[in-house]
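Everything in the sequence shown is counted per this note's numbering, starting at 1 for the first residue and increasing by one.
Contents: one structure, followed by commentary.
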Amino acid sequence: RTAVQDEGEEEDDVILQKQENKRTYATSYDCGFIFEQLWKKKVVDDQGNRIQPEPCPEVRIPDTVVYKGGFPANWFFHSKIDGRLLKKKPESLYIPHIFEAFGSENGTCADQVVASYVGTVQSERGPVNTILYFDRRRLKDFLFGENSLKEGFLQRFVAPGAVPFDSSARNTTIHATWSPYNCLVEQRTNNSKLDDKRVGTSAKVNVTSGRVETIPISSHTKLHKQVSRKCKLMAQHIAATSYDHAEVTNMTCYFKVGEKNRLW
């Protein structure tokens with residue numbers, strides 16, 4: 001462990017667990033599994049040599065609270081001290097604490113988005129993902145009310161990086177489709193400015209196809225190489241820390257370029 005510990009970080013000891021007789025169960029809708037595996041510490045390298053235990057390197061994740069059964073279960077965050085992915089102590093999973101952290105200033109004005117919730121609901125066709133966006137008032141209503149989306153995660157909104165404290169900016173996301181053999185990256189920018197009062201809150205930040213300006217990112221660019229590398233690191237870390245060395249065959253990731261051009 002480092003000598004300095006982030007406030008609220010959960011104490012944990014590295015335990016070498018037996019790999020046999022345990023299988024990983026994860027689907028596209030099991031968000032808690034992904035964050036948990038990225039947080040778990042890798043103790044051996046690809047050659048089987050013991051290394052300094054560490055969570056997934058180079059992957060920056062904004063404050064994220066995983067919900068299970070309609071209640072907060074785990075709170076993951078990015079260390080400001082050494083850049084590690086950490087998990088809060090269980091006693092930090094207190095609704096007023098979550099509201100204080102997620103509802104604080106993040107580069108948007110008072111009536112702009114501060115957080116989003118990705119939840120899963122069951123339909124006749126199977127599980128369906130639903131994305132909700134919150135300003136401070138709606139976030140408070142969500143946190144202190146009854147959560148109808150039992151499984152999912154709440155994540156702090158990362159303000160646009162080019163002008164992080166300018167609400168006239170447009171929300172931009174880097175969309176990556178990764179496999180061990182290929183990585184397609186594109187920039188998706190919402191058509192509406194964040195300060196456009198004629199457009200609803202969700203519509204101003206939504207980055208689904210049809211609502212955005214899409215620009216392919218060349219594989220020769222620095223951004224593409226960064227995104228591809230981070231996807232590969234996540235896949236490798238999940239394989240190294242899951243009980244049965246689960247292989248990630250493909251994944252879709254959303255990145256944001258935030259303040260100081262940091263990639264989240």
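A virtual CB, placed ideally from N, CA and C, is assigned to each residue, including glycine.
Assumed close pair residue i, residue j - CB separation to whole angstroms, cut-off 8 Å
i: Lys-212; j: Arg-188; result: Reading off the sequence shown, one finds Val at residue 212, where the question assumed Lys. Rounded, the Cβ-Cβ distance is 4 Å, consistent with contact.
i: Phe-142; j: Ser-116; result: Incorrect: roughly 11 Å between the Cβ atoms, too far for contact.
i: Glu-186; j: Thr-221; result: That belief does not hold up - the Cβ atoms of Glu-186 and Thr-221 are roughly 12 Å apart, past 8 Å.
i: Asn-250; j: Ser-179; result: 5 Å
Contacting residues, own chain, Cβ-Cβ under 6 Å from residue i (five flanking each side not counted)
i: Val-248; result: Ala-235 and Ile-238
i: Val-128; result: Val-121
i: Leu-184; result: Thr-177
i: Gly-119; result: Thr-130, Leu-149 and Gly-152
i: Trp-264; result: Arg-60, Pro-62, Val-158, Lys-256 and Gly-258
i: Leu-132; result: Tyr-117
i: Pro-216; result: Glu-186
i: Ser-202; result: Tyr-133
Within 7 Å, strictly: CB atoms of residue i and residue j
i: Ile-61; j: His-78; result: yes
i: Gln-112; j: Thr-241; result: no
i: Ala-176; j: Cys-253; result: yes
i: Leu-154; j: Val-59; result: no
i: Asn-190; j: Asn-171; result: yes
Neighbour-count burial assignment, residue i, 16 or more Cβ in a 10 Å radius
i: Ile-174; result: buried
i: Gly-126; result: exposed
i: Arg-137; result: exposed
i: Val-158; result: buried
i: Gly-69; result: exposed
i: Phe-102; result: buried
i: Arg-198; result: exposed
i: Phe-271; result: Past the boundaries of the shown model lies residue 271; the chain is included only from 1 to 264, so the question cannot be answered.
i: Asp-82; result: exposed
i: Asp-244; result: exposed
i: Gly-145; result: exposed
i: Ile-95; result: exposed
i: Lys-88; result: buried
i: Gly-200; result: exposed
i: Tyr-181; result: exposed
Identified DSSP bridge partners for residue i
i: His-175; result: Glu-186 and Tyr-254
i: Ser-123; result: Gly-126
i: Ile-61; result: The partner list for Ile-61 (beta bridge, DSSP) is empty, contrary to what the question assumes.
i: Ser-116; result: Tyr-133 and Gln-155
i: Arg-170; result: Lys-193
i: Leu-263; result: Val-257
i: His-78; result: Leu-85
i: Lys-225; result: In DSSP, Lys-225 forms no bridge with anything.
i: Lys-68; result: Phe-71
i: Val-212; result: Asn-190
Close Cβ partners of residue i (< 7 Å) along its chain, the five nearest in sequence each way excluded
i: Cys-56; result: Leu-38, Leu-85, Leu-233, Met-234 and His-237
i: Leu-93; result: Pro-72 and Trp-75
i: Asp-196; result: Lys-204
i: Val-207; result: Asn-171, Thr-173, Arg-188 and Asn-190
Neighbourhood of residue i by C-beta distance below 8 Å, restricted to the same chain and skipping five residues each side
i: Arg-229; result: Glu-58
i: Lys-140; result: Phe-99 and Gly-103
i: Ser-218; result: His-224
i: Gln-226; result: Leu-263
i: Arg-156; result: Pro-62, Asp-63, Thr-64, Ala-101, Phe-102, Asn-106, Val-114 and Ala-115
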